[in-house]
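Numbering (my numbering), first residue to last: 19 to 502.
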């Protein structure tokens, strides 16, 4: 930027001192000697009687950012003597490197953490709406050094010198970037002009999506539902747990049907898994059991009806079997008692004399094996039938609930009084992975992890010491160093 060395600075100082002494002795002589150095001008931008510079005392330095006219000593009329030629060269080189590597960003709002993180990584900030009044220059694309420092921010009361210098340097670098397009935009609001900037720089990155509905959980759910238009039939459901925009009456009915069918399959899974334990039949039946065996028959019938629907065998059936809502309520109560409350099934006397349980087990295995081909998320579903209820317009995990009671879910998502909150319901991953030493095995749902109302993680990277206590509290954990 500036080519004067220390020797030239000393010579210019001697000339100015001679001019001042001549002006005091003879005003006429002083006027003749100020051809190279001007008189003392109290109205100059610097004030205080500092000599003002003329175009003849400046030099033009060509560079990538255009020619720059500068004077070494009187570079800043506001007496900020920290600005020198070396520092300006450093700022100019920093701007050139950032422009070359596409590291120019614009930040709207008081996001100091984001700004600090970008600056530490070599990015340079272009201030928003930075406009400088046009001034005389040696070229249409050149810079006058006084122009760079003429609009520096003033030092506020109580502001440290270090912070003020950093703020001034940001302003100078932003002035260098006046005609440079930005590469990254961080904003807290959505504006139409932001997307118009993409026409100037096709590689511009914006921290927000172009359409707001896509950023909400409702929009994400709708986008996931549209996967079947772009992928093979039946494949889109394998990419994400099934979800529903329950503010829509049609999707609410679909959720209720799916909830009931998932509970039917869950009871059959519970029957098979419990029988495979060391307790065997004792883990399923008991003389003092509170659940009748009719719940198994009910679940088998509903799963067979679903298979007939998938195989189109229900077309020839003249009359569909009517299942009333109160029948479903009774079954869901029995499902909860078995899977969550660890109750047992009570067999009648005539059933104990036969191999009723063995018949139930064989039939349940056969039905579930056939359902696997028509239920893409069969491996993800356990038997607890837990769903995640999420507000569609909130973030940071606020308002998320894990629920398994259909009546409580409907009361929340479809209250009698109209609510502004719209909910999205997503299936909780019943069988998630647990990393234990060098093995990877499915987590046992008997641990009752989902009893925590607000737990919505899908992976555990530790080993539990005890089951989770009812009501949402921890009963205890093994004191390992890390827990996830």
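No residue lacks a Cβ here, since even glycine has one placed at the ideal position from N, Cα and C.
Residue pairing of residue 223 in beta bridges, as defined by DSSP: 202. Pairing residue 170 with residue 192 gives a Cβ-Cβ distance that is not under 7 Å. Scanning its chain for C-beta atoms nearer than 8 Å, with the 5 sequence neighbours on each side dropped, one finds around residue 234 the residues 410 and 411, in chain order.
For residue 114, there is no enclosing beta strand (DSSP E); the enclosing alpha helix (DSSP H) has its first and last residue at 103-118. Following the DSSP letters along the chain, one finds residue 141 in no beta strand (DSSP E), marked with neither H nor E. The stretch 330-348 makes no contact with the stretch 390-405, as fewer than three CB pairs between them are under 8 Å. Annotation: residue 125 to residue 278 spans about 50 Å, alpha carbon to alpha carbon.
Distance between residue 135 and residue 203, taken at the CA atoms: about 14 Å. Under the DSSP assignment, residue 276 falls in the alpha helix (DSSP H) whose first and last residues are 267-293.
Between the alpha carbons of residue 304 and residue 438 lies a gap of roughly 48 Å. In the structure shown, the three-state DSSP call for residue 325 is helix. Beta-bridge partners of residue 318 (DSSP): none assigned.
No Cβ-Cβ contact shorter than 7 Å links residue 282 with residue 363. As computed with DSSP, residue 364 is found in a beta bridge with 310.
When secondary structure is reduced to three states using DSSP, residue 124 falls in the strand class.
Cβ-Cβ distances below 6 Å link residue 239 to 261, 263 and 442 in the same chain, with the five nearest sequence neighbours on each side left out; the list follows chain order.
Beta-bridge pairing by DSSP links residue 421 to 405.
Residue 392 carries a helical assignment under DSSP once its states are collapsed to helix, strand and coil.
Within the model, the alpha-carbon separation for residue 436 versus residue 280 is close to 29 Å. For residue 195, the closest of 350, 112 and 419 by C-alpha to C-alpha distance is 112.
By the C-beta density criterion, residue 357 is buried, having at least 16 other C-beta atoms within 10 angstroms.
The DSSP-derived three-state label of residue 413 is coil. Comparing C-alpha distances from residue 400 to each of 427, 142, 428 and 292 shows the shortest one belongs to 292. Residue 206 is a Cβ neighbour of residue 127, given a cutoff of 7 Å. Annotation for residue 441: the continuous beta strand (DSSP E) segment containing it runs 441-445. Counting C-beta atoms within 10 angstroms of its own C-beta, residue 321 has 16 or more neighbours from the protein chains shown and is therefore classed as buried.
Between residue 142 and residue 116, the C-beta spacing is below 7 Å. As a beta-bridge residue in DSSP terms, residue 303 pairs with 363.
With respect to the 7 Å criterion, residue 314 and residue 378 are classified as neighbours on the basis of their beta carbons.
If the five residues before and after residue 173 are omitted, its C-beta is found closer than 7 Å to the C-beta atoms of 182, all from its own chain and listed in chain order.
For residue 181, the uninterrupted alpha helix (DSSP H) run begins and ends at 179-194, by DSSP. Taking all protein chains shown into account, residue 327 has fewer than 16 neighbouring C-beta atoms within 10 Å of its C-beta and is therefore exposed. If the five residues before and after residue 259 are omitted, its C-beta is found closer than 7 Å to the C-beta atoms of 395, 398, 444, 445 and 447, all from its own chain and listed in chain order. Annotated three-state conformation of residue 432 is coil, per DSSP. Excluding residues up to 5 positions away in sequence, 204 lie with their Cβ nearer than 7 Å to the Cβ of residue 129 in the same chain. It is roughly 12 Å from the alpha-carbon of residue 276 to the alpha-carbon of residue 284.
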